[in-house]
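Asker:
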Amino acid sequence: MTLRVGVLGAGGFGRALAMASARHQHDVVVWSRGGRDLPNTIAVSSDIEAMRDRDLIFLAVPARHATSAAEQLGRVVDGRHLVVHVSRGLIGEDLKTITTVLREQTAARRLGALAGPLVADALADGRPSGAVLGTRFPEVTDMVREAIGGSEMRVYDTTDVTGVQMASATVGFLTVILAYAQGVGADAGPLAVMATRGMVEAARIGATLGAKEQTFLGLAGLGDLLAVVAGDDRLEARIGRAMAQGADPRHAGEQAGGYFEGFEVAQHMIAHAHRLGIETPISNAFVAVSKGKMSPEQAKIALMQRRVGTE
Amino acid sequence: MLKRLFSERPLRLPHLKPYVPRPSDPSIFWFNSERNDIVSDVVNRICGAHEPDRGRLEIALNDAAYHEIRRLEKQRDDEARDRLGYWRSMIRRIGKMDDAEQKRVLNSIVTTMAQDVAGNFDPRVYGFARQAIPRMIAGLMEPRRFTKGFTMPQSEVLSRVLRVQGDIEHLNHLQSEGSLVFVPTHSSNLDSIVLAQALEVSGLPPVIYGAGKNLFTNPIISFFMHNLGAYRVDRRIRVQLYKEVLKLYSQVMIERGYHSLFFPGGTRSRSGMIERRLKLGLLGSAVEAFTTNQVRRVDRPIWFVPTTINYALVLEAETLIRDWLTEEGKARYIIEDDEFSRIDRWVAFFRKVVGMRAACIIRFGEPIDPFGNVIDDKGASLSPAGETLDPGGYVERRGTPTVDAARDAAYTRELGNVLADRYERDTVLMSTQVVGHVLFRNLVQQTPGMDLFSRLRLRNEIGINRKLLVKDIGEARDRLMELERNGAVHISDVVREEAPDALLEQALTFWNGYHNATAASPQDSDIVVGDPSLLLYYQNRLVPFAERIADSGQHKAACEIEALGVHR
Chain A
0 MTLRVGVLGA GGFGRALAMA SARHQHDVVV WSRGGRDLPN TIAVSSDIEA MRDRDLIFLA
60 VPARHATSAA EQLGRVVDGR HLVVHVSRGL IGEDLKTITT VLREQTAARR LGALAGPLVA
120 DALADGRPSG AVLGTRFPEV TDMVREAIGG SEMRVYDTTD VTGVQMASAT VGFLTVILAY
180 AQGVGADAGP LAVMATRGMV EAARIGATLG AKEQTFLGLA GLGDLLAVVA GDDRLEARIG
240 RAMAQGADPR HAGEQAGGYF EGFEVAQHMI AHAHRLGIET PISNAFVAVS KGKMSPEQAK
300 IALMQRRVGT E
Chain B
0 MLKRLFSERP LRLPHLKPYV PRPSDPSIFW FNSERNDIVS DVVNRICGAH EPDRGRLEIA
60 LNDAAYHEIR RLEKQRDDEA RDRLGYWRSM IRRIGKMDDA EQKRVLNSIV TTMAQDVAGN
120 FDPRVYGFAR QAIPRMIAGL MEPRRFTKGF TMPQSEVLSR VLRVQGDIEH LNHLQSEGSL
180 VFVPTHSSNL DSIVLAQALE VSGLPPVIYG AGKNLFTNPI ISFFMHNLGA YRVDRRIRVQ
240 LYKEVLKLYS QVMIERGYHS LFFPGGTRSR SGMIERRLKL GLLGSAVEAF TTNQVRRVDR
300 PIWFVPTTIN YALVLEAETL IRDWLTEEGK ARYIIEDDEF SRIDRWVAFF RKVVGMRAAC
360 IIRFGEPIDP FGNVIDDKGA SLSPAGETLD PGGYVERRGT PTVDAARDAA YTRELGNVLA
420 DRYERDTVLM STQVVGHVLF RNLVQQTPGM DLFSRLRLRN EIGINRKLLV KDIGEARDRL
480 MELERNGAVH ISDVVREEAP DALLEQALTF WNGYHNATAA SPQDSDIVVG DPSLLLYYQN
540 RLVPFAERIA DSGQHKAACE IEALGVHR
């Protein structure tokens with residue numbers, strides 16, 4: 000059955016989701032001011048009204064634009080619409096997830112968050128890939144699988160919506176750390192320790208917000224980090240490498256060609272953890288380095304000299 | 000024997016001629032004429048779901064027999080003598096029964112359960128209760144006026160003590176347009192009584208509600224419960240079929256337009272905190288009622304009214320907090336030996352309460368549809384952008400309304416989260432809670448690094464300078480007023496209007512003299528913390544706001560207090 004799919008945003012992921020949906024013979028409209036490089040089987044509109052008659056809508060804008068995009072979407076969607084986002088980030092000091100923002104700004108309730116080692120180019124080109132969808136609604140899973148799933152794209156599902164989004168946001172800043180460490184020639188061992196312990200930190204914080212710890216060890220968390228180590232060239236990896244080459248952390252995002260929210264996310268996660276008495280050494284070191292309060296070398300020493308605990 | 004007669008068999012007044020409801024009567028006045036139909040509807044739907052599948056049917060019968068045998072073997076009472084033989088004989092025969100017999104047995108079990116659950120509504124008892132109960136409570140509060148109470152047109156005492164807040168006009172308009180489902184916070188067994196009174200004084204309709212079977216053991220309470228539309232919930236029964244009967248009974252009533260009430264917290268908040276972890280069973284029955292009506296093309300809206308019941312003094316505070324602090328508390332669902340069951344405690348409680356202005360505030364929050372959307376004056380659901388919505392769209396799958404249990408369970412969960420947020424926003428903080436919080440925060444500040452249980456053992460050991468305490472209370476109140484202006488919470492008029500030292504004095508007067516333990520008492524220039532667990536109970540209401548009302552010096556203690564609520 001042909002679905003009416005809408006995509007908000009024509010960046011890397013927006014374009015990939017639109018192309019994957021069109022490849023499955025669905026009727027696709029992208030809401031964008033530009034609509035670069037899109038085949039003519041995909042309609043482009045700059046009018047949010049174009050989303051009103053859609054069955055499934057993907058929100059594919061950077062997290063910092065999610066609130067304003069959701070607000071616009073709120074003018075045209077109702078209880079019939081299914082909305083799924085692919086933004087990697089948490090909003091504000093209270094670590095608000097994007098699905099929470101969608102819930103606040105729109106009348107849509109059948110929501111989901113798509114995350115994991117989803118590589119935009121692979122999705123666009125139909126090369127084998129996989130992702131995890133956090134949603135409490137089986138209908139959302141069915142429709143996303145119908146829109147973009149299939150033999151080349153495996154979409155796993157979980158009801159831990161908060162966990163998927165927190166893990167995904169954590170992967171953002173852990174990617175910077177790993178890419179930096181790789182850039183300065185760290186061995187495989189420390190990389191694995193940082194990836195795993197960093198994810199454990201995030202899982203502890205996530206549990207206080209209702210997330211399940213195992214979600215951080217699945218596709219949305221460690222699985223996605225494996226893609227980074229295996230060479231996925233995403234913005235965060237470029238920032239980490241730029242830092243390894245001596246770029247100031249505060250300007251590394253511009254050098255890498257994009258805006259990175261991970262510093263703020265890490266900072267807010269630390270503040271939340273601190274309030275609850277949870278230890279977050281890796282995130283602390285990351286934020287200290289990003290603010291220029293500590294050199295990467297000092298951070299490494301500080302982390303290695305910490306008392307070792309039970310896993 | 001007499002007690003059992005009253006608790007097991009509903010006492011009803013004889014009818015010389017049946018009451019014919021008038022069009023202006025609330026929906027519940029039609030209940031008796033529909034009662035048998037409702038019971039049949041429940042039985043037919045449950046049997047209809049089990050009968051086509053012999054495997055499922057057999058599991059249901061085995062589950063019923065197994066759990067009932069276990070329960071009755073433990074009970075060893077008259078009911079056990081009557082029924083244990085039946086279940087033991089049945090469990091041996093289930094496998095040998097043919098399809099027809101299994102269906103017949105299922106029908107008989109479910110019918111018995113549904114009839115036991117279903118209530119009764121007698122307009123005469125309702126008319127009597129709405130006059131007499133407030134006056135009886137007023138009489139308990141002011142015994143000198145007890146005899147006069149029944150001749151007084153309106154109880155001034157009660158209206159001074161009980162305050163109702165919220166947009167009553169809006170609710171009054173909605174009651175004739177759809178089914179209202181009141182979902183209050185739950186602190187005390189007095190909740191259903193004060194809520195019934197709040198509905199009455201606000202001109203809102205009477206509601207049906209599930210009452211624990213333990214309340215039916217008192218013949219007088221049982222008589223009123225039976226005849227005012229309450230349905231009986233026996234929490235001792237673990238049978239899956241029974242749970243289905245309860246849920247479906249609630250669903251069918253809501254589908255048919257009966258206004259309802261249930262406590263989503265399931266049981267009284269043991270800690271005194273605002274509930275966040277809600278039980279979704281009955282909430283789900285209301286969501287499914289909406290779906291079923293949509294599928295049947297019945298256009299009857301269902302609206303939830305988040306309601307907070309706020310007490311300055313809680314009848315059962317000491318038992319509840321003790322229960323929360325002990326391991327035993329985790330397993331005890333029904334407490335039968337608390338203050339609610341002791342008339343001397345009632346009298347002491349009401350005598351204390353009579354001197355308090357607005358000792359209980361019931362706040363009816365903004366009504367919402369089953370999907371958390373607000374409702375306009377005409378009963379239409381509104382999107383966050385202010386657009387009118389068709390709530391039926393939420394249960395459509397590709398344009399057709401469908402029943403989908405997994406989807407409705409997800410909606411119910413979402414609704415639970417919305418209600419929990421609403422409870423926080425609609426809580427009205429009382430003087431004892433604010434003073435309790437400031438005292439407890441000082442205790443935490445003075446005992447750095449100590450865990451909760453060590454702190455609770457510090458009886459009469461921690462003194463706080465009175466002047467500093469009064470200053471802290473004033474600052475906390477100012478910050479709460481700021482939160483109130485931002486729509487984060489409400490505070491009572493007493494907290495808003497009284498001077499901080501008067502608030503402290505009032506709180507001490509209210510606690511000491513009613514509770515057996517002394518919460519705090521003056522000693523020279525200090526206020527000395529007596530029983531920290533009692534303070535903990537009252538202060539727990541402020542857990543979500545602790546950090547926001549603390550200054551930098553109090554921040555660490557406030558974080559520790561806020562951490563108490565992480566998994567609440």
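Chains as they are written, first to last, in numbering that gives the first Met the number 0: chain A, 0 to 310; chain B, 0 to 567. C-beta atoms are modelled at their ideal positions from N, C-alpha and C, and glycine is treated no differently. All of these numbers come straight from a predicted model, not from anything done at the bench.
Which two residues bound the contiguous alpha helix (DSSP H) that contains B/W510?
Answerer: Residues P499 to W510.
Asker: Which residue or residues does DSSP assign as beta-bridge partners of B/C359?
Answerer: According to DSSP, B/C359 bridges with B/L161 and B/Y310.
Asker: Under 8 Å, Cβ to Cβ, is there at least one residue of chain A near B/R412?
Answerer: Yes, because at least one Cβ of chain A sits closer than 8 Å to the Cβ of B/R412.
Asker: Taking the C-alpha atoms as reference points, what is the distance between B/R129 and B/Q196?
Answerer: If I take the Cα positions, the gap works out to 8 Å.
Asker: Do B/G177 and B/W302 come within 8 Å of each other at the CB atom, strictly closer than that value?
Answerer: Closer than 8 Å, so yes.
Asker: Hey, how far is the Cα of B/V527 from the Cα of A/G88?
Answerer: Spanning the two alpha carbons is a distance of roughly 48 Å.
Asker: Excluding the five sequence neighbours on either side, which residues of its own chain have a C-beta within less than 7 Å of the C-beta of B/D98, listed in chain order?
Answerer: Excluding sequence neighbours, B/D98 sits near R53.
Asker: Using the beta-carbon count (16 or more within 10 Å), is B/V488 buried or exposed?
Answerer: Its Cβ being crowded by 16 or more others within 10 Å, B/V488 is buried.
Asker: Please state whether the Cβ-Cβ distance between B/I461 and B/V433 is less than 8 Å.
Answerer: Going by C-beta atoms, B/I461 is not nearer than 8 Å to B/V433.
Asker: Comparing C-alpha positions only, which one of B/V469, B/W510 and B/L314 sits nearest to B/E497?
Answerer: Minimum Cα distance to B/E497 is reached at B/V469.
Asker: According to DSSP, is B/T621 helix, strand or coil?
Answerer: Because chain B spans 0 through 567 in this model, residue 621 of chain B falls outside it and cannot be assessed.
Asker: With burial defined as no fewer than 16 other Cβ atoms inside 10 Å of the residue's Cβ, what is the status of A/G33: buried or exposed?
Answerer: Burial call: exposed.
Asker: Pull out every residue of the region 84-111 of chain A whose Cβ sits closer than 7 Å to any Cβ of chain B, in chain order.
Answerer: Result list: E103, Q104, T105, A106 and R108.
Asker: Are there three or more Cβ pairs, one per stretch, closer than 8 Å when the region 214-227 of chain A is compared with the region 168-180 of chain A?
Answerer: Judged by Cβ distances under 8 Å, the region 214-227 of chain A makes contact with the region 168-180 of chain A, as three or more pairs qualify.
Asker: DSSP three-state call for B/A61: helix, strand or coil?
Answerer: Here residue 61 of chain B is Asn; the residue named in the question, Ala, does not match the sequence. DSSP places B/N61 in helix when its eight states are reduced to three.
Asker: Do we get a CB-CB distance below 8 Å when we pair A/D26 with the residues of chain B?
Answerer: Chain B contact via Cβ: absent.
Asker: Please give me, in chain order, every unbroken run of the beta strand (DSSP E) with length at least 3 that falls completely inside the region 165-191 of chain B.
Answerer: Correct list: 178-183.
Asker: Does A/D52 get closer than 8 Å to chain B when you measure Cβ to Cβ?
Answerer: Not one chain B Cβ lies under 8 Å of A/D52.
Asker: With a threshold of 8 Å, are at least 3 pairs of Cβ atoms found where one atom belongs to the region 378-388 of chain B and the other to the region 259-268 of chain B?
Answerer: No, the region 378-388 of chain B is not in contact with the region 259-268 of chain B.
Asker: Our contact map puts A/A107 next to A/H64 with C-beta atoms below 8 Å; I'd like the distance itself, whole angstroms only.
Answerer: Actually they are not in contact, since the Cβ atoms of A/A107 and A/H64 sit about 18 Å apart, beyond 8 Å.
Asker: Would B/G328 count as contacting chain A if we go by Cβ distances under 8 Å?
Answerer: Bear in mind that a pLDDT of 48 at B/G328, under 50, signals an unreliable position, so the model cannot answer this.
Asker: Does the distance from the CB of B/I273 to the CB of B/R540 come in under 8 Å?
Answerer: A contact, by the Cβ cut-off of 8 Å.
Asker: Report buried or exposed for B/R276, applying the criterion of at least 16 other Cβ atoms within 10 angstroms of its Cβ.
Answerer: Exposed, because fewer than 16 other Cβ atoms sit within 10 Å of the Cβ of B/R276.
Asker: Against A/F136, what residues of chain B qualify as contacts under a CB-to-CB distance less than 8 Å, listed in chain order?
Answerer: Residues of chain B passing the Cβ test: A405, R406 and A409.
Asker: On the premise that A/V286 lies in contact with A/F262, defined as a C-beta separation below 8 Å, what is that separation, rounded to the nearest angstrom?
Answerer: With a Cβ gap of about 7 Å, A/F262 and A/V286 count as contacting.
Asker: Distance check for B/T401 and B/Y125, CA to CA, integer angstroms please.
Answerer: C-alpha separation (whole angstroms): 39 Å.
Asker: Under 8 Å between C-beta atoms, does A/L318 make it to chain B?
Answerer: Not covered by the structure: residue 318 of chain A. The range shown for chain A is 0 to 310.
Asker: I'd like to check one pair, B/D62 with B/Q239: are the Cβ atoms closer than 8 Å?
Answerer: In this structure, B/D62 lies closer than 8 Å to B/Q239 by Cβ.
Asker: Closer than 7 Å, Cβ to any Cβ of chain B: which residues of the region 199-228 of chain A, in chain order?
Answerer: Those would be T207, in chain order.
Asker: What is the rounded straight-line gap between the Cα of B/Y332 and the Cα of B/R235?
Answerer: At B/Y332, the pLDDT of 48 sits below 50, so the modelled position is not reliable and the matter cannot be decided from this model.
Asker: If you count every other CB in all the chains shown that lies within 10 Å of the CB of B/P205, and 16 or more means buried, which is it?
Answerer: Buried, since its Cβ has 16 or more Cβ neighbours within 10 Å.
Asker: Under 8 Å between beta-carbons, which chain A residues line up against B/N539? List them in chain order, please.
Answerer: Within chain A, no residue comes near B/N539; the closest Cβ sits about 17 Å away, beyond 8 Å.
Asker: Could you name the residues of the same chain whose beta carbon sits closer than 7 Å to that of B/L60, not counting the 5 residues immediately before and after it, in chain order?
Answerer: The residues are I93, Q101, V104 and L105.
Asker: Leaving out the 5 sequence neighbours to the left and right, which residues in its chain are closer than 6 Å to B/T508 when beta-carbon positions are compared?
Answerer: Hits under 6 Å: none found.
Asker: Taking the Cβ atom as the reference point for each residue, do B/S249 and B/L279 lie within a distance shorter than 8 Å?
Answerer: No, Cβ-Cβ distance for B/S249 and B/L279 is not below 8 Å.
Asker: Nearest chain A C-beta to B/N372 closer than 8 Å, yes or no?
Answerer: Closer than 8 Å: yes.
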